[in-house]
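Undergrad:
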Amino acid sequence: METVRVDASKSYDILIGSGILGEVGQYARNICGGATAAVITDDIVERLYYLNVESSLINAGYRVIKFVMPNGESSKNAANYLSILDFLAESGFTRKDVVVALGGGVVGDIAGFAAATYMRGTRFIQIPTTLLAAVDSSVGGKTAIDLESGKNLAGAFFQPDFVLCDHKTLYTLDEDVFRAGCAEIIKYGIIRDKGLFELLKLPMDDKIEEIITRCVAIKRDIVNEDECDGGIRQILNFGHTAGHAIELLSRYKTPHGYAVAEGMALIARASARMGFCTADCRDEIIGMLKRYALPTETGFSSEEIYSAALSDKKSSGDKITLIIPREIGKCELRETKLGELKEIIALGLERGE
Ligand code: GLY
Numbered sequence: 506m507e508t509v510r511v512d513a514s515k516s517y518d519i520l521i522g523s524g525i526l527g528e529v530g531q532y533a534r535n536i537c538g539g540a541t542a543a544v545i546t547d548d549i550v551e552r553l554y555y556l557n558v559e560s561s562l563i564n565a566g567y568r569v570i571k572f573v574m575p576n577g578e579s580s581k582n583a584a585n586y587l588s589i590l591d592f593l594a595e596s597g598f599t600r601k602d603v604v605v606a607l608g609g610g611v612v613g614d615i616a617g618f619a620a621a622t623y624m625r626g627t628r629f630i631q632i633p634t635t636l637l638a639a640v641d642s643s644v645g646g647k648t649a650i651d652l653e654s655g656k657n658l659a660g661a662f663f664q665p666d667f668v669l670c671d672h673k674t675l676y677t678l679d680e681d682v683f684r685a686g687c688a689e690i691i692k693y694g695i696i697r698d699k700g701l702f703e704l705l706k707l708p709m710d711d712k713i714e715e716i717i718t719r720c721v722a723i724k725r726d727i728v729n730e731d732e733c734d735g736g737i738r739q740i741l742n743f744g745h746t747a748g749h750a751i752e753l754l755s756r757y758k759t760p761h762g763y764a765v766a767e768g769m770a771l772i773a774r775a776s777a778r779m780g781f782c783t784a785d786c787r788d789e790i791i792g793m794l795k796r797y798a799l800p801t802e803t804g805f806s807s808e809e810i811y812s813a814a815l816s817d818k819k820s821s822g823d824k825i826t827l828i829i830p831r832e833i834g835k836c837e838l839r840e841t842k843l844g845e846l847k848e849i850i851a852l853g854l855e856r857g858e
């Protein structure tokens with residue numbers, strides 16, 4: 506098992522191992538205490554992993570309650586968020602008790618926001634069961650729900666007490682779900698770790714623990730430096746300006762990882778055309794996305810993507826911060842006027858490399 510220690514406003518461990526799901530109760534008892542554990546999950550994950558988590562928590566002396574929502578991004582809404590708060594209140598849950606997010610990014614984000622706000626903050630554990638949640642959303646304390654006008658528009662920074670990632674769980678879901686997580690892993694290689702990018706050219710097989718640990722350690726370093734996203738943390742948004750726009754335009758039918766893959770390909774193309782990176786760098790990025798069978802084109806027009814991007818919380822006044830690839834392993838933040846953003850999106854959509 507690997508342990509990555511985060512030292513942000515709160516210090517906590519990310520535990521990464523195979524078959525460690527049944528140990529959650531003991532870790533919860535030692536780290537969080539409390540009498541009740543509220544497991545927030547979705548209907549697919551519940552069938553697969555709830556009983557294991559429940560018995561581990563019961564064995565550690567917890568009263569266990571559960572809230573189950575339908576799987577998918579559309580569950581990350583205000584109505585479900587309020588239902589979770591009501592459910593906690595009606596169950597006699599106190600701020601000394603522990604919210605357990607069991608699932609992917611949707612479950613982690615909404616459960617985390619509920620934990621951050623219920624009685625002004627409870628104990629909180631993340632158990633990511635998708636690759637995307639394991640390498641990104643369960644780490645670093647971003648919690649949120651979506652509003653009609655955009656993704657993650659209501660939320661809080663709220664660090665968990667620990668993250669437990671049993672990577673055996675990551676293979677049992679749909680292959681598409683796993684592939685979507687690969688987009689975020691590729692992102693880490695592009696923004697910070699050329700060695701990781703090269704490693705991804707080989708079969709993943711027995712390297713999953715090493716790969717997750719490497720991604721999480723990169724994110725940890727970034728979060729330690731800029732927990733509240735005022736500066737360098739924005740580098741994690743490589744491909745996300747167009748990606749979030751594509752997700753919104755597709756009404757969240759395009760999974761986050763796929764939309765980010767399309768966004769990364771778009772910005773790589775535009776960056777090569779504008780001379781920010783070489784054509785080789787662009788080809789490496791697009792080639793890697795294709796290697797993992799991720800989409801590199803979108804059917805939406807530049808006008809549509811531009812309009813949707815404006816609702817994204819990354820814009821401020823007449824500027825937006827874009828993440829530009831310079832070479833594999835090195836990206837930079839670039840303040841971009843909205844007029845230029847429009848041009849960049851159009852360049853990124855032009856056919857032909
Ligand atoms: N998913 C980007 C971040 O955590 O900042």
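As numbered in my numbering, residues 506 to 858 make up the sequence shown, in order. Even glycine gets a Cβ: it sits at the ideal position worked out from N, Cα and C. Predicted, not measured: the structure shown is a model, and the values here were computed from it.
Please return the same chain residues whose Cβ sits closer than 8 Å to the Cβ of E789, not counting the five positions on each side in sequence.
TA: Looking up residue 789 in the sequence shown gives position 284. The answer, listed in chain order, is F702, I833.
Undergrad: Can you grab the Cα-Cα spacing for the pair V611 / K647, in whole Å?
TA: The residue given as residue 611 occupies position 106 in the sequence shown. The residue given as residue 647 occupies position 142 in the sequence shown. Going by the C-alpha atoms only, they are around 12 Å apart.
Undergrad: With a threshold of 7 Å (Cβ to nearest heavy atom), would R796 be considered close to the ligand GLY?
TA: By one-based count along the sequence shown, residue 796 stands at place 291. Checking the Cβ of R796 against the ligand GLY gives no.
Undergrad: Could you tell me whether the stretch 529-540 touches the stretch 598-617, using the rule of 3 or more Cβ pairs below 8 Å?
TA: Yes: at least three Cβ pairs fall under 8 Å.
Undergrad: Let me check understanding here. Comparing Cα to Cα, which of A688, A542, Y676, L741 lies closest to D711?
TA: For this step, residue 711 is matched to residue 206 along the sequence shown. Selected option, being the one with the closest Cα: Y676.
Undergrad: Under 8 Å, with one C-beta from each stretch per pair, do the stretch 785-805 and the stretch 728-737 reach the 3-pair mark?
TA: Contact fails: fewer than three Cβ-Cβ distances are below 8 Å.
Undergrad: For S561, which residues in the same chain have their Cβ closer than 6 Å to its Cβ, ignoring the five residues on either side in sequence?
TA: Along the sequence shown, one-based indexing puts residue 561 at 56. These residues qualify, in order along the chain: G527, V529, G530.
Undergrad: If you follow the alpha helix (DSSP H) that E703 is in, where does it begin and where does it stop?
TA: Position 198 of the sequence shown holds residue 703. From DSSP, the alpha helix (DSSP H) with E703 extends over 699-704.
Undergrad: Return yes when at least one heavy atom of the ligand GLY lies under 7 Å from the C-beta of G527, else no.
TA: Residue mapping note: residue 527 aligns to position 22 of the sequence shown, counting from 1. Not so, every heavy atom of the ligand GLY lies at least 7 Å from the Cβ.
Undergrad: K601: buried (16+ other C-beta within 10 angstroms of its C-beta) or exposed?
TA: To locate residue 601, count along the sequence shown from 1; it is residue 96. Per the 10 Å Cβ criterion, exposed.
Undergrad: Smallest Cα separation from E578: which of I650, E595, K571?
TA: As a first step, residue 578 must be located in the sequence shown, where it is residue number 73. Residue I650 is the option with its Cα nearest to E578.
Undergrad: So, helix, strand or coil for A766, using DSSP?
TA: On the sequence shown, position 261 is the one that residue 766 refers to. It is helical.
Undergrad: Looking at the structure shown, is R756 part of a helix, part of a strand, or coil, going by DSSP?
TA: Locating residue 756 in the sequence shown gives position 251, where the first residue counts as 1. Three-state result, R756: coil.
Undergrad: Does the distance between the C-beta of K647 and the nearest non-hydrogen atom of the ligand GLY fall short of 7 Å?
TA: Position 142 of the sequence shown, counting from 1, holds the residue named residue 647. Yes, the ligand GLY has a heavy atom inside 7 Å of this Cβ.
Undergrad: Output the boundary residues of the beta strand (DSSP E) element that contains S516.
TA: For this step, residue 516 is matched to residue 11 along the sequence shown. Residues 516-522.
Undergrad: Pull up the distance between the alpha-carbon of S812 and that of G768, whole angstroms please.
TA: The count along the sequence shown starts at 1 and reaches residue 812 at position 307. The count along the sequence shown starts at 1 and reaches residue 768 at position 263. Each residue's Cα considered, the two are about 15 Å apart.
Undergrad: Use the C-beta contact count for K656: other C-beta atoms within 10 angstroms, 16 or more gives buried, fewer gives exposed.
TA: For this step, residue 656 is matched to residue 151 along the sequence shown. Counting Cβ neighbours within 10 Å, K656 comes out buried, since at least 16 surround it.
Undergrad: Does any CB atom of chain D fall closer than 8 Å to the CB of L799?
TA: The chain labelled as chain D is not found in the depicted structure, where only one protein chain is given.
Undergrad: DSSP puts S821 in a beta bridge; with which residues?
TA: As a working mapping, residue 821 is identified with position 316 in the sequence shown. BP columns for S821 point to K824.
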